[in-house]
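Number of protein chains: 2
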Amino acid sequence: MALVVAKFGGSSVADKDRVMNVAKIVTDTYKSGNDVIVVVSAQGDTTDDLIEKAKEINKDASKREMDMLLTAGEQMSISLLAMAIEKLGFPVVSLLGWQAGFITSSAYSSARIKKIKTDRLKKEIDKNNIVVVAGFQGLNRFDDLTTLGRGGSDTSAVAIAAAMGADICKIYTDVDGVYTADPRKVKNAKKLEAVSYDEMLELASLGAQVLNNRSVEMAKKYSIELEVLSSLEDKPGTIIKEKVEMEKCFISGVAKDDSVARISIIGVPDKPGLAFKLFSKLAKNNIDVDIILQSIGRDDTKDISFTVTKENGKKAVEIVSGYLDVIGGQKIKYDDKVSKVSIVGAGMQSHPGIAAKMFEALYDKQINIQMISTSEIKISVLIDNKDADCAVASIHDKFFSES
Amino acid sequence: MALVVAKFGGSSVADKDRVMNVAKIVTDTYKSGNDVIVVVSAQGDTTDDLIEKAKEINKDASKREMDMLLTAGEQMSISLLAMAIEKLGFPVVSLLGWQAGFITSSAYSSARIKKIKTDRLKKEIDKNNIVVVAGFQGLNRFDDLTTLGRGGSDTSAVAIAAAMGADICKIYTDVDGVYTADPRKVKNAKKLEAVSYDEMLELASLGAQVLNNRSVEMAKKYSIELEVLSSLEDKPGTIIKEKVEMEKCFISGVAKDDSVARISIIGVPDKPGLAFKLFSKLAKNNIDVDIILQSIGRDDTKDISFTVTKENGKKAVEIVSGYLDVIGGQKIKYDDKVSKVSIVGAGMQSHPGIAAKMFEALYDKQINIQMISTSEIKISVLIDNKDADCAVASIHDKFFSES
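Structure follows, in structure tokens:
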């Protein structure tokens, strides 16, 4: 007998038919002899609808009251799912975040889980109940309701799996697993049987938004095996765990991120400390910088280029402009018609030919590389936006069709 | 500086404009130098909508899960009202039933308040916060959410007023007070300045559904002064308290109840114990009997008549039919085209002419009285349904127009 934690997102419980479908999946798992804890998000658009309602009354409502409002969303979905499970004739109990023991930091709207007091969860499991828990929410030291921020239900599920020593944490969603590339764009994209935590983290940060990153980090920390799978089709998904058997192609996936913009500062004097000053200034303004490239000095000046999210683009340009005198740059270039294309794979650490193969795929299509960034398990290139889909397809073919 | 508890029903917070209106009333009360605790119901049709949603999934959902679902309704209304109060620039905090310290019995869907732990309420008042509390809900000894049943928010408000020693408990609603008769039916109906707890209890049980009876009983028990007033018009309502200055007319109001049915058992042998057996049998089946009339025996048989609610009518007839052999009755008559018309007033205790005056009003209109029932502060008659409105008007004129 295993303990299974199963998490269902808002779209999986969007209407009564989907709620009944989830009840079926959950009770089938229970019938197979498992203890089951289910973590659920608010139904469909409930959270967005509640935010809209709040804005109509007060655009600047306090985060405390927003959390009070939003946590009602999961309260409704857990009770409805519990009723559906009752309807199928199984013993069930729904628990709010605080009833399930979620103690969080006091930061409303973006609280962190501090611990889970598992007494109640254990008691309900001992009574052979299927336990339905409200994701995304907890209680802070003031006895007030908090939320974990968007995607927090994934984190709730992994945290319960860790606290209860679950055998597996299944994340049911509207895709059926993690793919080697976006299956809507790349027709040969293949579903991965398994992927490592680190690869998944890199893939998630690249826009393959299957799983919330905090949940993967937590799963890695506590060695919780995850499975991403579809709530609408009964077939295996993708397992996420520490060590994954290497496949021939050495990489796990190709991802594209269109949300980036590039800023270049031309003609910066070649003196030490300038880069440090510039990036400290941006960090102080809460602007995360991703790829950084510094050209080798021509004459006694150099060029510094870096990427930020498009969202932060304008603000970053303003800050750099106001700082241009200090660092002594000549002019600023801004380009938001760029994309970051990346390959991720633990295999590349021991196979130096991977980068070359990626660049070859781009050369095949005559695509110009603007910037390159590498980490132990990732290689990213910045290219023109219009070439991005073609680049992903070409790289994907190079690695996956030849193998 | 006084402590005011103000309660607003679902229709008073039905949409964003009404929520802002309530915020205005509450902050005006606060600005006048009062501490304010606000008790709110779920918005408009929220509760009914949630019940509908539950039924679509499971018609026989457990009461525990129904309470889990329904309590989300007030959670949304308290946070939205708190946001509206924030918008007006006042310090505010919303509290769920359990946060406000409501400890209830464990009977889901009809829990009784056992006590209120006032620590949190006191702390928030000490911080000069306006406190917005979710009505209708509490927590039982299993740490599970409970509801107090329909109309429970009135009871929540009175219980807080009692526990906190409030100076007054204002019940805001969509009528502007308690009237001498239904103002939609009787054009000379007058708003009462004040009425006693006992009179209010009788009026409420007669279908003048202004206030939930449990809340009036509790107000009487703890001597909490109530005021029923409109949330849409800024004018005084009706005060409900222990002793009310007697007005000339001696009665407080005339009320009509159409929800009754009469059952008569004809030809019951005149032996002791039969009435006891019959009404025990009905009580065991949870059927409340209201007026009972037993005719003086003709020959050696008698007739027993009683009223039940229309809702219970069919079931009561079935029970009595199956029991007819035991009590030896000859036949059963059932009539649900009847109404109960009553006058209520503490004044009648010392003025024996009141009943005669009521009967005279009926005689004036040639209305036949089927049954009569009297208590210390109430006289009820059962009459034909079609005469009821005319009877109320005639009685009302007799007492209030002549005075």
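Line by line, the protein sequences give chains W and X. Residue numbering for the first sequence follows my numbering, starting at 1 and increasing by one per position. Residue numbering for the second sequence follows my numbering, starting at 404 and increasing by one per position. C-beta atoms are modelled at their ideal positions from N, C-alpha and C, and glycine is treated no differently.
Excluding sequence positions up to five before and after V338(W), its CB lies within less than 8 Å of the CB of V260, A261, R262, T307, Q370, L382, I383, D384 and N385, all in the same chain and listed in chain order. The distance from the Cβ of L139(W) to that of L148(W) is about 12 Å, inconsistent with a contact at the 8 Å cut-off.
Here D17(W) is exposed. Its C-beta has fewer than 16 other C-beta atoms within 10 Å.
Taking the CA atoms as reference points, H351(W) sits about 20 Å from L192(W). Think of a sphere of 7 Å around the beta carbon of V536(X): no beta carbon from chain W falls inside it, the nearest being about 12 Å out. By alpha-carbon distance to K518(X), the top candidate from S634(X), T712(X) and T558(X) is T558(X). For D325(W), the uninterrupted alpha helix (DSSP H) run begins and ends at K310 to I327, by DSSP. Here the alpha carbon of F539(X) sits roughly 52 Å from the alpha carbon of K185(W). With contacts defined as CB atoms closer than 8 Å, N188(W) and S401(W) qualify as a contacting pair. For the 8 Å CB-CB criterion, G656(X) and Y600(X) do not form a contact. Between the alpha carbons of A157(W) and V344(W) lies a distance of about 26 Å. If you ignore the 5 residues before and after C572(X), its C-beta comes within less than 6 Å of the C-beta of V408, A560, V561, A564, I627 and L629, all in its own chain and listed in chain order. Taking C-alpha positions only, I292(W) is separated from I304(W) by approximately 8 Å. In the three-state scheme derived from DSSP, where H, G and I count as helix and E and B as strand, V561(X) is classed as helix.
Contact between T173(W) and F90(W) does not hold, since the beta-carbon distance rounds to 23 Å and is not under 8 Å. Where L3(W) is concerned, the enclosing beta strand (DSSP E) starts and stops at L3 to F8. In the DSSP annotation of this structure, the continuous segment of the alpha helix (DSSP H) that includes Q478(X) starts and ends at K466 to K490. Taking 8 Å as the cut-off, the Cβ atoms of V619(X) and I654(X) do not count as close. CA-CA distance, T521(X) to G555(X), rounds to 19 Å. For G33(W), the closest alpha carbon among the candidates N129(W), S79(W), V40(W) and M66(W) is that of N129(W). Only residues of its own chain outside the window of five on either side were considered, and among them A54 have a CB closer than 7 Å to the CB of A61(W), listed in chain order. Each residue's CA atom was taken as its position, placing V228(W) and D452(X) some 34 Å apart. Assigned with DSSP and collapsed to three states, D387(W) falls in helix. Residue environment: K314(W) is assigned as exposed (fewer than 16 neighbouring CB atoms within 10 Å of its CB, all protein chains considered). Burial check for K357(W): the Cβ neighbour count within 10 Å reaches 16 or more, so the residue is buried. Following the DSSP letters along the chain, one finds A14(W) in no alpha helix (DSSP H), marked with neither H nor E. For a Cβ distance threshold of 7 Å, residue set A72, Q75 and M76 of chain W lies close to A475(X), ordered along the chain. The distance from the Cβ of K734(X) to that of I669(X) is about 5 Å, consistent with a contact at the 8 Å cut-off. No Cβ-Cβ contact shorter than 8 Å links E468(X) with M218(W). In chain order, Q752 place their CB closer than 7 Å to the CB of E779(X), counting only its own chain and leaving out the 5 sequence neighbours on each side.
When the alpha-carbon of D579(X) is set against those of I481(X), D637(X), M471(X) and L498(X), the nearest one is in D637(X). Within the same chain, K588 and K659 come within 8 Å of D792(X) by CB-CB distance, once the 5 residues on both sides are set aside. The residues V416, L483, L484 and A487, in chain order, have a CB closer than 6 Å to that of V422(X) in the same chain once the five nearest residues on each side in sequence are set aside. At a cut-off of 8 Å between beta carbons, A487(X) contacts chain W.
Taking C-beta separations shorter than 7 Å and ignoring five residues to either side along the sequence, the partners of T432(X) in its chain run V407, A409 and V439, following chain order. By the neighbour-count criterion, in which a residue is buried when 16 or more other Cβ atoms sit within 10 angstroms of its Cβ, M567(X) is buried.
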